[in-house]
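Note that full-length UniProt numbering numbers the sequence shown so that position 126 is 126, with each residue one more than the last. Beta carbons are placed, not taken as given, at the ideal position from N, Cα and C, and that holds for glycine. Every value quoted in this text rests on a predicted model; they were computed, and no experiment measured them. Below: one structure, written as structure tokens.
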Amino acid sequence: MDRRGFLATTATVGAAMALPGEAAAAPGENVMGPVAIGPHDPRYEDLAIRGQNDRFVTRPESFRIVTTTDQVVRVVGEAVRAGKRITVRSGGHCYENFVGEPAPGVIIDMVEMNQVYFDARRRAFAIEPGALLSEVYETLYYGWGVTIPAGQCGTVAAGGQIQGGGYGPLSRRLGSVVDYLEAVEVVVVDRDGRARAVVGSRDPKDPNHDLWWAHTGGGGGNFGVVTRYWLRTPEVQGNDPTKLLPKPPRGIIGGYAVWRWADLDREKFRRLLTNHAAWHERNSTPNAPGVNVYSVFMIGGKSAATGAMPGDMFLSAQADAYVPGAEQQLRDFFAAMTEGVGGHSEVWTQPSPWHAAVKGAITSIGEIGRQKQKAAYLKRRFPDSQLDAIYDTLSVERTDLVTRMLWMMSYGGKVNEIDPAATASVQRDSMLKVLYISAWQDATQDNAHIEWVRGFYKKVYEETGGVPVPNEVSDGSYINYPDADLADPALNTSGVPWSTLYYKDNYPRLQRIKAKYDPRDVFTHALGIRPA
């Protein structure tokens, strides 16, 4: 595999009233809309299948395409007066069908609200919710030489990514994207059914500070319709936009390692996953020596389709090429992984320009077709019982299930520097995000694949009621990887509610904010925050 192939493969893996002028159109904004598209419009079917998971087809009474905050206020107000259920879609990457179920009257599609620009008055970068991360990175980089530590999949939109507590390859060095959220503009509905645009900011004296806090990890579809984010490095001084967000790396170096099931028995498999976790235990505090390294470990089920992966198990890693000792950090990383296990590994020392690497990250597992994913945070290495559950599930030969996988993404570092209560993103002492994945094409295989991944997850977390209850090893789950199963008492027998798994001690505050800004519960879904 060459360096270009490595980059491509790695990419497949992550005021009580509106202030004057806040809702005004940005310079040069498209004045199209709001456009109403109903079932008899030829555009309707394109919008119905726009989401990334082919299991979900959304068929509302009407799609509304909007381009300004004022248009969103108008559309929301009309829908509330008509008694229509409202849902919102930005990029369409939600792991659950929150947009389409129960069937909405109106889906507000943010696809055309996609501008990225510098707002001199706020000394911050404005990002609209429909902007894809690939567009955000390109505009920030070529316009001002800056970036944000958001997700690796370029087709994800900013709308859900940011408010759900997004992360990516730079987060171990820079923190979560919400750690840079300066302000957020949201269209909310009051107790009388009146829609209005409200701006909440990081400033603790702001009367709408709580609305800002709720959007630092509270997740989408809970409080209103986000129409704009402003991002800036906290406490930075001056007006020079080239200094108001982090600089990306000048270049990236990387490497990979592969293993095959035929070469690993149970003990070697245990050793491999323990090597991986032990390295992260040593290198996930804010100032740990290895925070420059970000990795994605993809383990495919035996005889399962693994796409572009060159082995049954593929571990990719990357680092900022210009951090002192970067090459040795990568070599030490792969040496730690292969110790006592073997396997083939390579490291590339010729840096790739940062944006060239980012441009490769425009695909994801979502493009496979139909899928079901479940997630968890990992604070410490898997105990032997969980390692055995993983081995016993993935090492079984299955030719009937197309893609069965376990992914582990590096986390922690700078993310773990922030107090859990400072933002709604409460998991601030984890080292890995874990995904349990089943993906397929044929709708007739839905039940088989869904039941497989549910069984896998249940087996791994059998000792805690089938879910990753926060304890010394696990730390619940990530709301940007939503899983409605966690709210099903037949699948979550832990006695720990789904809200604790996602929000822990931050949930009561989120409930109070919900009651304040969405007292009529206009915006809700299967994992919706319930008003206090």
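Under a three-way DSSP split, which group does residue i fall into?
i, result
"residue 106", "strand"
"residue 218", "coil"
"residue 278", "helix"
"residue 25", "Legend: pLDDT at residue 25 = 45, less than 50; position of this residue unreliable, value from coordinates given subsequently. Note: residue 25 maps to coil in three-state DSSP."
"residue 195", "strand"
"residue 438", "strand"
"residue 318", "strand"
"residue 377", "strand"
"residue 415", "helix"
"residue 517", "helix"
"residue 64", "strand"
"residue 247", "coil"
"residue 533", "The chain is shown from 1 up to 532; residue 533 falls before or after that span and cannot be answered."
"residue 533", "Outside the displayed span of the chain (1 to 532) sits residue 533, for which this structure offers no information."
"residue 526", "coil"
"residue 30", "The pLDDT assigned to residue 30 is 48, lower than 50, so where the model puts this residue is not dependable, and the model offers no usable value."
Along the chain, where does the beta strand (DSSP E) containing residue i start, and where does it finish?
i, result
"residue 352", "344–353"
"residue 182", "181–189"
"residue 360", "Careful: residue 360 lies outside any beta strand (DSSP E) and carries neither H nor E."
"residue 37", "35–37"
"residue 255", "251–259"
"residue 403", "403–410"
"residue 290", "Neither: residue 290 is in no beta strand (DSSP E) and is coded neither H nor E."
"residue 575", "Lying outside 1 to 532, the shown extent of the chain, residue 575 is not represented and no answer is given."
Just to confirm the assignment, what range does the alpha helix (DSSP H) spanning residue i have?
i, result
"residue 337", "326–338"
"residue 451", "446–460"
"residue 486", "Residue 486 -> no alpha helix (DSSP H), and no H or E assigned at all."
"residue 44", "44–48"
"residue 536", "Residue 536 lies beyond the stretch modelled for the chain, which goes from 1 to 532, so this question has no answer here."
"residue 394", "384–394"
"residue 172", "171–174"
"residue 499", "498–503"
"residue 159", "158–163"
With a threshold of 16 other CB atoms inside 10 Å of the CB of residue i, please say whether the residue is buried or exposed.
i, result
"residue 250", "exposed"
"residue 57", "exposed"
"residue 324", "exposed"
"residue 64", "buried"
"residue 328", "exposed"
"residue 352", "buried"
"residue 342", "exposed"
"residue 207", "exposed"
"residue 51", "buried"
"residue 441", "exposed"
"residue 284", "buried"
"residue 396", "exposed"
"residue 205", "exposed"
"residue 404", "buried"
"residue 38", "exposed"
"residue 31", "exposed"
"residue 262", "exposed"
"residue 43", "exposed"
"residue 505", "exposed"
"residue 191", "exposed"
"residue 203", "exposed"
"residue 49", "exposed"
"residue 384", "exposed"
"residue 462", "exposed"
"residue 455", "exposed"
Below 8 Å on the Cβ atoms is my guess for residue i versus residue j; work out the distance and round it to an integer in Å.
i, j, result
"residue 165", "residue 430", "Not quite, the Cβ-Cβ distance comes to about 12 Å (not below 8 Å), so this is no contact."
"residue 167", "residue 151", "7 Å"
"residue 286", "residue 416", "6 Å"
"residue 449", "residue 491", "Not really, about 16 Å apart at Cβ, beyond 8 Å."
"residue 534", "residue 172", "One cannot answer for residue 534 here, as it falls past the ends of the chain, which runs 1 to 532."
"residue 242", "residue 99", "Rounded, the Cβ-Cβ distance is 37 Å, inconsistent with contact."
"residue 274", "residue 122", "With 8 Å as the limit, residue 274 and residue 122 do not qualify as a contact, their Cβ atoms being about 47 Å apart."
"residue 478", "residue 375", "5 Å"
"residue 133", "residue 181", "Not confirmed; about 15 Å, so no contact."
"residue 411", "residue 432", "6 Å"
"residue 521", "residue 531", "6 Å"
"residue 513", "residue 214", "5 Å"
Run the proximity test for residue i: is its beta-carbon closer than 6 Å to any non-hydrogen atom belonging to the ligand FMN?
i, result
"residue 173", "Looking at this structure, you won't find the ligand FMN or any other ligand, since it has none at all."
Please decide whether residue i counts as near chain D, where near means a Cβ-Cβ distance under 7 Å.
i, result
"residue 70", "Chain labels in this structure do not include chain D; a single protein chain is all it has."
>> My parser needs the beta strand (DSSP E) runs of 3 or more residues fully inside the region 70–149; what are they?
In response: 86–89, 106–109, 116–119, 124–127, all fully within the region 70–149.
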